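In my numbering, the protein residues as written are 8 to 75.
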């Protein structure tokens with residue numbers, strides 16, 4: 008399980024964009040995004056760096072969340 012803090016998400020479109028990019032990278036991933044907290048939990052076999060790059064493709068900066 009990877010946990011990330013994602014900067015700049017403000018609506019459902021943002022959540023959909025991030026989810027779409029993660030699923031493009033790993034179709035088997037499970038993505039849960041808490042829009043209010045600006046955080047994502049992603050179950051994936053991909054590395055944190057690969058997931059951060061996918062989130063960046065959606066236009067958002069991500070970093071590992073504290074206690075991740």
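Ideal Cβ placement from N, Cα and C applies to all residues, glycine included.
Note that this is a predicted model, so its numbers are computed, not measured.
- Straight-line spacing of the CA atoms in residue 61 and residue 29 works out to 6 Å.
- The DSSP-derived three-state label of residue 43 is coil.
- Its chain contains 42 as the residues whose beta carbon lies nearer than 8 Å to that of residue 19, once the 5 sequence neighbours on both sides are disregarded; these appear in chain order.
- Rounded to the nearest whole angstrom, the CA to CA distance from residue 73 to residue 46 is 11 Å.
- Around the C-beta of residue 51, 16 or more other C-beta atoms lie within 10 Å, and the residue is accordingly described as buried.
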